[in-house]
Each structure stands twice: as structure tokens, then as C-alpha cells.
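Data block below; observations after.
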Amino acid sequence: MNLFILIGLLGNVLANFEENYCVLNDDGTECLEEEKKSSFLLGYEIDKKKGLSDNISQTNYEELLAKIEIDKKMPNGLSRRNGVKVGHTEDVNVGDGKVVKVITRALRPLLFEIPDILTHEECDHIIKRAIDPKEGGMFSSKAKGGLTPNEVQYNYTGAEFGKASGWFGEFSAWDINDDKYIDIDEVISVIHASFSLWMLENDIKEIWEKMNVTVMDDGIISEEEFETLNTFGLKEYLHKLSKNDPRFKTRTSNQVWLNMDQSVDPLIHKIRERLVKLTGLDRKIIYGGEMLQVLNYLPNGHYHAHHDSETHQRADLPCCHQYSGDVLTSVGECKLCRYITFVLYLNNVEEGGGTAFPIADNITFNEMNMVQYGNVSTDKYNMMHGCKLSNLVIQPKKGSAVLWYNHLRNETDGWMGELDWYSLHGGCNIIKGEKWMANMWIPAPFGNSRHIPSIYLNNEDYEKAEAISQKE
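Letter by letter, the sequence shown follows residues -15 to -1, 1 to 457 in mature numbering (1 follows the signal peptide of the UniProt record, and there is no 0).
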């Protein structure tokens, strides 16, 4: 039998061989006692004897014993900090004599703010390296793998003319209050409903000028005037704005990806070690993280609300951090499986630029109430406007960080569970100044694929760090 198939079928049976799991008894007191000793929640249900007898035959059991050493090299599931309650503060030693305060800011998603995790010199070092031409230079932000399509430049020729197809070309769709006229507020609402663009009255006037539209010079459009309106060209023009204009794009920033290996950058490597201490995760999981993404946001820079992980979109696809060339060739694409997001703030922003969590700890969350297409005053997705509507906004402060879990943990096998929908977040627009920040994304496997290592893992770097840790 193929070992990988066998391991996948056994699920948490292999985990039963690890002695450092918290083993639940009938009333759960064993794990409760363990939780009192640590800030990390490590327990899940294991019954070793029953698991073995119920899940494998004697033949498969012998095969498993012969090859169990492979699984012993894998981490023992995923840890998760205990948030306790919003406002809870804990001092955590992150190595090199550095103690930081970890402050719980939300329980859904489980989210922590960590002031002064970096020195100002470390912040400056990261920025200096990011703008170093030897690193390849900053470039317009785009998706790195995963299911998000890369943005393409859209060229508007101005030659498009006619009536748009569908409701965008129908007067009744624009005349929201049925008074037989279309006013500026109705135009703004229709554009928001069609393209999720948040516009001001001056933006509409600018569009009319560029398209040579005069039917609204008196402030309203009648049904007869609407029939002469170039709704086809307008639709194309708005599509152009949503793809090209920094104010109206889904995200507007510049980025670069940096290697974090100790041999390349001992300082950034040290920051990664702090994340090991902060999370309690196995070093192999942390070192299997993606490269460090450094971002620069200028005025009007923003990133509309989104989830960092894509596991909810395509359950049938492999995780990007685990795919091999052969797998990618056969399935054609992969999904981002990001367990943790660790954001580092590298400067102080004069105004704007916060990280917003629109539905943090919102027990009455309803997606349709959140969107309300056509009503810009309640749009929590649009970070050019919706930040003030968000339940939680973390303002950047040089040297501070915010850490949150994009996924719950599967309490059956201890590995990655379902997406935490409350981890929806975005980058508020920069009103004044600029923002420098860095992302450390830590992907993790689901239980049935935990034997597949991360393609980002540098084993030599990991083993050196592990050896140093064991001597401490």
C-alpha cells in the first residue's frame, strides 16, 4: 500500500504515537490541566488503543510500524494561542532577552497586537533591503500564486458607444426612487452596485467631462435623455477605472519578496525566530512559511477587504505551499492555505493606513447586510470609505505587529480546520504620508496532507536553527 495513502486514511491514528499530546479523558480535565500550564491550546481527543483497533488491520499495522519513522519527523499538530478575553495582556519572552506584551484585540478572529516587537533599526533595515535594486526592485502588488488572477492593464479607447446590455442599460434600474428622473445620488448608487466603486459627486462630474456627457448639466437625467446616454461606453470606462486607477483598484501598493534564510539575512531570520516563540508552533511550520512580503502604500493606497486564505473557494485543489511541479501540471492551479498572518509595521503613518477587520467579534454577522450593493454608506468591503464602519482597526505604529489566525483548528486531528470567516480584513486608504509594512504568511497543512512538506522549507536553515534551540 502507498505510504501516503495509508497515512491519509489513518488520519489522527499516526498522531496517537506522539507522547506530547494532551490526551482527553471523559470529562476533559487532563487537557484543562495542561491549558493552565501554557498559553497554547494543544489538546484534542485521542484514544490510542481504540484508534488502532478500529482503523487498521493487522497487516496494515505491521506496515505502519515499519515506516512510522517518516511521520515522526512531522510536527505534532498546530498550536493556537489562548486569547482569554479581549484586552488580555501577557508578557512573552521572544528570545535574546526580549520580552514583549501580547494584547488580545479580538477572539473571532483570534487576533493579537504586539507593540515593540521590532526595534526602529530593524524596521529601517527591512525597508532598506526592500528598496535595494539587488532585490529586484519594488513592483505593483499582485497575487503570488493561488486563485486570485493577476490584474491586467485595461485600455479604454473612447470609441465604445451604445446601450449597455442588461440592467445597466435600463432607465428603471437607475431610477431607484421611481420619480422618473435620475439624480447624482442614484448615479453613485448604481455605479457602486455595478462595480463596488465608491465615488464622490466630483468623480461623476469628471467622468461626464471626459466622456463629453451633457445630459446631466441640470443635475438630473430624464427618461428621454437617458436613451441618448452612452451606457455602453460608461460601463467600459468604469471597468477601466476599476483596473487602472489607483483610487478605484481592489488594491494599490508596491511590493517585493525577501528571502528570510539566516545565510541571507541574519536579522530577518531572528525576527522569524520570534514568531516561533510567539505562536508556539513547531519551527518546521514557521520555517515553511512564504517569503517575507514588504509593501509600500502611498496616498490613496489601500486594499479592499479580503481573506488571506483561499481554502473555502476550491476544496478539490492542493495547497500552494505543498504542490510539486507534477501536481501543479496535473491540476493546473492551487489554493493559498494560510493558517497565520503576521503583519509588521515599519513606520508611522501620518493619517489613515490602518488594518481594518470589518466583522471582528460580530456575532450577528450577515454578509448581505455587510455589502448592501448600491448603498455606499454601509459598504464595509471598500477600504477607501468603509474603515470607519469596521468593528476593529489597528493603527500602524513603527515596530509593532498584529498577528491573527485565518483558520480555526480541527480539534479531531489537531491540524488546520475551516476558514475563520471573521478574519476578513483590509488596508485602509492612506490619507496623508505613506505606509511601510511586511507580511509573514504561515501556511499549514490539513490533517490528511500533513506528510507533504512545504516547498518553502529550507531544511538546512531549519536544522541549524533547531540545533541551536536545543542547546539553549
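Built from N, CA and C at the ideal position, the CB exists for glycine as well.
Assigned exposure category for residue i - 16 Cβ within 10 Å defines buried
| i | result |
| --- | --- |
| Gln455 | exposed |
| Thr213 | exposed |
| Thr74 | exposed |
| Thr326 | buried |
| Asp39 | Low local confidence applies: a pLDDT of 38 at Asp39 is under 50, so the model's placement there is unreliable, and no value is given. |
| Glu54 | Note that Glu54 scores 44 on pLDDT, short of 50, meaning its location in the model is unreliable; the coordinates nonetheless yield the value given after this. The residue in question, Glu54, is exposed, as its Cβ has fewer than 16 Cβ neighbours within 10 Å. |
| Leu96 | buried |
| Asn281 | buried |
| Phe153 | buried |
| Tyr29 | Residue confidence for Tyr29 is low, a pLDDT of 31 falling below 50, so the modelled location carries little weight and cannot support an answer. |
| Leu17 | Legend: pLDDT at Leu17 = 35, less than 50; position of this residue unreliable, value from coordinates given subsequently. Leu17 is exposed by the Cβ-count criterion. |
| Thr216 | buried |
| His370 | buried |
| Asp301 | exposed |
| Leu223 | buried |
| Gln249 | Note that residue 249 corresponds to Val in the displayed sequence, not to Gln. Its Cβ having fewer than 16 others within 10 Å, Val249 is exposed. |
| Asn367 | buried |
| Glu98 | buried |
| Ile453 | exposed |
| His306 | buried |
| Ile271 | buried |
| Val84 | exposed |
Candidates the options: closest to residue i by CA position
| i | options | result |
| --- | --- | --- |
| Ser179 | Leu226, Glu194, Ile206 | Leu226 |
| His177 | Ala158, Ile344, Glu120 | Ala158 |
| Gly273 | Ser385, Asp101, Ile440 | Ile440 |
| Ala423 | Val241, Ile99, Asp230 | Val241 |
| Glu403 | Pro381, Cys413, Phe431, Asn414 | Phe431 |
| Arg236 | Leu283, Lys190, Pro100 | Leu283 |
| Met196 | Leu302, Cys304, Leu182, Gly218 | Gly218 |
| Cys304 | His436, Asn162, Ala386, Ile205 | His436 |
| Lys382 | Val334, His254, Val198 | Val334 |
| Gly265 | Asn78, Leu302, Lys148, Gly72 | Asn78 |
| Ile88 | Gly82, Val69, Gly80, Asp81 | Val69 |
| Gly418 | Ala345, Arg299, Asn332 | Asn332 |
| Arg65 | Leu388, Ser181, Gly154 | Leu388 |
| Leu252 | Arg114, Leu185, Gly371 | Arg114 |
| Glu336 | Gln307, Cys372, Thr363, Asp346 | Cys372 |
| Ser126 | Asp163, Ser238, Trp193, Ile192 | Ser238 |
| Ser61 | Lys420, Ala452, Met401 | Note on residue identity: the sequence assigns Asn, not Ser, to residue 61. It is Met401. |
| Trp421 | Ile271, His110, Gly399, Asn244 | His110 |
| Asp202 | Leu243, Gln380, Ile169, Asn443 | Ile169 |
| Lys234 | Met184, Asn244, Val71 | Met184 |
| Asn67 | Ser181, Ala91, Val85 | Ala91 |
| Pro231 | Ile206, His289, Leu442 | His289 |
| Leu243 | Gln298, Asn433, Asp160, Lys119 | Lys119 |
| Asp364 | Ile344, Thr349, Tyr308, Glu191 | Ile344 |
Presumed contact (8 Å Cβ cut-off) between residue i and residue j, rounded CB distance
| i | j | result |
| --- | --- | --- |
| Glu210 | Val200 | 4 Å |
| Pro94 | Tyr407 | 5 Å |
| Gly384 | Cys108 | 6 Å |
| residue 479 | Ile173 | Here the chain covers residues -15 to 457 and nothing more, so residue 479 does not appear. |
| Met123 | Ile116 | 7 Å |
| Lys269 | Gly80 | With a Cβ gap of about 17 Å, Lys269 and Gly80 do not count as contacting. |
| Asp267 | His254 | Not really, about 17 Å apart at Cβ, beyond 8 Å. |
Chain B within 8 Å of residue i, Cβ atoms only
| i | result |
| --- | --- |
| Glu221 | This model lacks chain B altogether; it includes just one protein chain. |
Inter-stretch contact (C-beta, 8 Å, three-pair minimum) for the stretch 443 to 453 and the stretch 370 to 380: no
Decide yes or no for the touch test of the stretch 314 to 333 against the stretch 293 to 301: beta carbon pairs closer than 8 Å, at least 3 of them. yes
Please give me, in chain order, every unbroken run of the beta strand (DSSP E) with length at least 3 that falls completely inside the stretch 381 to 431. 386 to 390, 392 to 394, 401 to 404, 410 to 412, 415 to 417, 420 to 428
Could you say if the stretch 271 to 287 and the stretch 421 to 439 meet the contact criterion of at least three C-beta pairs nearer than 8 Å? yes
Are there three or more Cβ pairs, one per stretch, closer than 8 Å when the stretch 327 to 345 is compared with the stretch 406 to 422? yes
Any 3 or more C-beta pairs closer than 8 Å across the stretch 227 to 235 and the stretch 252 to 272: no
The stretch 392 to 406 contacting the stretch 99 to 110, beta-carbon criterion three pairs below 8 Å: no
List in chain order: all unbroken alpha helix (DSSP H) runs of 4+ residues lying wholly within the stretch 274 to 350. 310 to 316
Give, in chain order, every unbroken run of the beta strand (DSSP E) that is at least 3 residues long and sits entirely within the stretch 202 to 244. 205 to 207, 239 to 243
Whole alpha helix (DSSP H) elements within the stretch 134 to 196, 4-residue minimum: 156 to 159, 169 to 180, 186 to 195
Which ranges does the alpha helix (DSSP H) cover as unbroken runs of at least 4 residues, wholly within the stretch 64 to 103, from first to last along the chain? none
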